[in-house]
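Following: one structure in structure tokens, then a few remarks.
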Amino acid sequence: MKSKVRYFFRWLIIVILLLVIAVSGFKIIQILTTYHEIEASNEEAREEFISSYKEDTGLPEIDFAALKAANSEIVGWIFIPDTNVNYPVVQSKTSDYYYLTIDYKHRWSVSGSIFMSMVCSPDFSDIETLIYGHNMHNGEMFGKLKKYTDPKYLEAHQDLYILLPDGGTIKYKVTEAKYVSIEDDVYMVPKTGGEPETLVLSTCTDDSSDTERLIVVAEYEGRI
0 MKSKVRYFFR
10 WLIIVILLLV
20 IAVSGFKIIQ
30 ILTTYHEIEA
40 SNEEAREEFI
50 SSYKEDTGLP
60 EIDFAALKAA
70 NSEIVGWIFI
80 PDTNVNYPVV
90 QSKTSDYYYL
100 TIDYKHRWSV
110 SGSIFMSMVC
120 SPDFSDIETL
130 IYGHNMHNGE
140 MFGKLKKYTD
150 PKYLEAHQDL
160 YILLPDGGTI
170 KYKVTEAKYV
180 SIEDDVYMVP
190 KTGGEPETLV
200 LSTCTDDSSD
210 TERLIVVAEY
220 EGRI
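Numbered per numbering that gives the first Met the number 0, the sequence shown spans residues 0 to 223.
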């Protein structure tokens, strides 16, 4: 009798372990598939809306007519040379939550969009402009901004550009990266009544803290 009980529990444990392995494998495949879809969507945007890269500056030339046709809430395109930050920027007129799970073509996406705070001026003319993006673990969106906490990386990747639908380009210089409270003054926008000074990129921490965010601050250098 005891041997039969031991036999039963031995097989029960084996079955449970096999189920755990199967579920874990499914979740891993699901995650990898999601990451592939995110990468494919971002590459689709670049292939569809970047007509070329300028030989003298290396900046992308954006087909804003086609991009605005796809989404009228497009306000620009963010580009940081020698990084993967090369995305359209959108701005909801009604909610900062909308683009958390919606891409630049209004499709559901776990990675959402790179988006400007709804209270900022869409032409980047405020004293401070605030842009959000998810910290994706595969490095997409703002997933690699954490590299800016390394002083050597920051020094080598200070140039940041916002390309505008009117054909203009704004240049910024990245000056710092730091972790701040969600109640930090940087989130107290809009800041109006003066000339543009800073662009702030905001993303979640690696542990998805409810009280802290990573920000990258860039100083306004002017239109080029």
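Built from N, CA and C at the ideal position, the CB exists for glycine as well.
The continuous stretches of beta strand (DSSP E) do not include PHE141, and DSSP gives it neither H nor E.
Around the CB of ALA68, fewer than 16 other CB atoms lie within 10 Å, so the residue is classed as exposed. Relative to THR197, the option among ASN137, LEU99, VAL188, GLY142 whose CA is nearest is VAL188. For VAL215, same chain residues with a beta-carbon under 7 Å away, outside a window of 5 residues either side, are LEU144, TYR147, VAL173, ALA176, LEU200 in chain order. Its chain contains THR210, GLU211 as the residues whose beta carbon lies nearer than 7 Å to that of SER180, once the 5 sequence neighbours on both sides are disregarded; these appear in chain order. A distance below 8 Å between beta-carbons, with the five flanking residues on each side excluded, links ASP102 to the following residues of its chain, in chain order: SER40, SER108, SER110, GLY111, SER112.
GLU46 has its alpha-carbon roughly 38 Å from the corresponding atom of ASP184.
Taking a cut-off of 8 Å on C-beta distances, the stretch 148–165 does not touch the stretch 91–101, as fewer than three cross pairs fall below it.
Counting along the chain, the unbroken alpha helix (DSSP H) around GLU154 starts and ends at 150–155.
The DSSP-derived three-state label of GLU54 is coil. Nearest to ILE77 by alpha-carbon distance, out of SER50, THR191, ILE161, is ILE161. Looking only at CYS119, ALA44, THR191, ILE169, the smallest Cα-Cα distance to ARG106 is reached by ALA44.
If you look at LEU200, you'll find it in the beta strand (DSSP E) that goes 197–203. Taken in chain order, the stretch 65–127 contains no complete alpha helix (DSSP H) segment of 4 residues or longer. Taking C-beta separations shorter than 7 Å and ignoring five residues to either side along the sequence, the partners of SER124 in its chain run PRO195, following chain order.
For PHE63, same chain residues with a beta-carbon under 6 Å away, outside a window of 5 residues either side, are PRO164 in chain order. In terms of CA proximity to TYR152, THR82 leads the group THR56, ILE15, VAL118, THR82.
A straight-line Cα-Cα distance of about 8 Å links GLY132 and GLY142. Across the structure, GLU218 and ASP158 are spaced so that their CA atoms are roughly 10 Å apart. Within the same chain, VAL188, PRO189 come within 8 Å of VAL118 by CB-CB distance, once the 5 residues on both sides are set aside. Rounded to whole angstroms, the Cβ separation of VAL84 and ASN70 is 19 Å, and the two are not in contact under 8 Å.
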